[in-house]
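First residue of the sequence shown? That's 1 in my numbering, and the numbers climb one at a time after it.
See structure below.
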Amino acid sequence: MSTPTQNSPLVSTEQGLAEVLGFQYSGVRAGLKASGAPDVALVHNQGPEFSAASVFTTNRFAAAPVEWSREAVSDGRADAVVVNSGGANACTGPEGFAATHRTAEHVANLLGVSALDVVVCSTGLIGEQLPMEKLLPGLDHAVTELGAGGLADDAAARAIMTTDTVPKKASLAFDTDEGTVHVGGVAKGAGMLAPGLATMLVVLATDASLPSDVLNRSLHAATEQSFNRADSDGCMSTNDTVTLMASGASGVHPSETDFTDALTQVCVSLALQLISDAEGAQHDIHVTTKNAATEGQALEVSRAVARSNLFKCAIFGNDPNWGRILSEVGTTQAEFTPGAVNVSINGVEICRGGAIGDDRDLVDLAADRKVDVVIDLAAGDQSATIWTNDLTYDYVEENSAYSS
1 MSTPTQNSPL
11 VSTEQGLAEV
21 LGFQYSGVRA
31 GLKASGAPDV
41 ALVHNQGPEF
51 SAASVFTTNR
61 FAAAPVEWSR
71 EAVSDGRADA
81 VVVNSGGANA
91 CTGPEGFAAT
101 HRTAEHVANL
111 LGVSALDVVV
121 CSTGLIGEQL
131 PMEKLLPGLD
141 HAVTELGAGG
151 LADDAAARAI
161 MTTDTVPKKA
171 SLAFDTDEGT
181 VHVGGVAKGA
191 GMLAPGLATM
201 LVVLATDASL
211 PSDVLNRSLH
221 AATEQSFNRA
231 DSDGCMSTND
241 TVTLMASGAS
251 GVHPSETDFT
261 DALTQVCVSL
271 ALQLISDAEG
281 AQHDIHVTTK
291 NAATEGQALE
301 VSRAVARSNL
311 FKCAIFGNDP
321 NWGRILSEVG
331 TTQAEFTPGA
341 VNVSINGVEI
351 CRGGAIGDDR
361 DLVDLAADRK
371 VDVVIDLAAG
381 DQSATIWTND
391 LTYDYVEENS
401 AYSS
């Protein structure tokens, strides 16, 4: 295995898949969206290797493409990922599964690969059948438009969007003594962001030469530290899919540790972009619990606060309401002594010893979009952060009108 020659490569959000060797991609209009926006994306692994791994939603009403893709990637291989927006194909019965199967077979025939090596993803409204008379010609168009570089990269990222307002992309390159490895990805998601995973579709690619078992371990580790820490509104989607493909086109064999670190950085960037574009959000909130007895307890506390509608409304109203934070901490099973808990927001201590802090009036939430909440349990040395956002009028308006 190679060893790294640089320790801290920077993640770029300007490109997603564009620099990863061995892949082509496209994004086209098939007419699935009433708006006429792009709605079909295709990512094709051209090899020479075709290792893959995926992580899927744990929602028991898993959509037809999730059921198909679980089987497709079970052998550790994927030649392509096809994504349609404009329809979730969830809770659509046998007809919906047949549509997914037909999608995979159509793409496979066009690319000259096996249908069982095609991962299928869908996003949009639950319960409606996909208009195959529009989707299949759209797939033809997506194959003819396959290419590489920035324009194709951006087209693919835009074609998977639903209520997203901007495309999400991230990439990273790191050097080893064998050469350079690229890791990149595109993602969609702006609501229902909650583990596991979130209402997200993510396609990740690397030109590293790595077997599927390494990809699987790396992807699960990266997902746990990124997408499973994004919790916008506590609602779990039926369609979540994160797929990682490796082409081996660089000929470089990075260590599992180095690759997992790079993949995690890319996934964290994408997860933070998802939270920043959460429906109607005006504040990006990072809730960190520190000095907990265990990491699990730190996660429990951070997630309890992040999911509190009262707390999220307070942040929207620019109110550093420490009482709403403490009340959620008190609902958890974490170890702490109430009289020893401190809370700060953006570096200002608003609660000390389970009571009001002296500096609460110094917090100005209107001055910055980012809000850092730190809860000190004084019960150990473990910490964990959950990323969320405030609850706004726009969130209610967008989701109350979603079906129309």
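Glycine included, every Cβ here is placed at the ideal spot set by N, Cα and C.
From the listed residues Asp75, Thr294, His253, the smallest Cα separation to Ser212 is found for Asp75. DSSP, read as helix, strand or coil, puts Glu335 in coil.
Taken in chain order, the unbroken stretches of beta strand (DSSP E) that lie wholly in the segment 143–222 and span 3 residues or more are 168–176, 179–188, 201–206. Counting other Cβ atoms within 10 Å of its Cβ, Ser218 reaches 16 or more and is therefore classed as buried.
Counting other Cβ atoms within 10 Å of its Cβ, Tyr25 reaches 16 or more and is therefore classed as buried.
In chain order, Ala292, Ala293, Gln297, Leu377, Ala379, Gly380 place their CB closer than 8 angstroms to the CB of Glu335, counting only its own chain and leaving out the 5 sequence neighbours on each side. DSSP lists no bridge partner for Ala98. Under the DSSP definition of a beta bridge, Thr388 partners with Ile285. Apart from the 5 residues on each side of it in sequence, Asp390 sits with its Cβ closer than 7 angstroms to the Cβ of Ala281, Gln282, His283, Ile285, Lys312, Ile315, Phe316 in its chain, given in chain order. With fewer than 16 other beta carbons inside 10 angstroms of its own, Phe61 counts as exposed.
Of Asn318, Gly248, Glu349, Asn346, the smallest CA-CA separation from Gly22 is found for Gly248. Between the segment 257–271 and the segment 340–355, the count of C-beta pairs closer than 8 angstroms stays below three; the two stretches do not touch. In this model, Gln129 and Ala156 are separated by some 23 angstroms (Cα to Cα). In this structure, the alpha-carbon of Asp240 lies about 5 angstroms from that of Thr57. The beta carbon of Val373 lies closer than 8 angstroms to those of Ile285, His286, Val287, Thr288, Val305, Ile325, Val343, Ser344, Ile345 in the same chain, with the five residues before and after it left out. Counting only the Cα atoms, Met161 lies some 19 angstroms from Glu397.
Selection Asp175, Val166, Glu71 evaluated against His101 yields Glu71 as nearest (Cα-Cα).
Taking each of Leu362, Glu349, Gly16, Gly124 in turn and checking the Cα distance to Gly189, the smallest one comes out for Gly124. If you draw a straight line from the Cα of Thr176 to the Cα of Ser122, it is about 36 angstroms long. As for any beta strand (DSSP E) of minimum length 3 sitting wholly inside the segment 4–64, the runs are 23–28, 40–45, 51–56, ordered along the chain.
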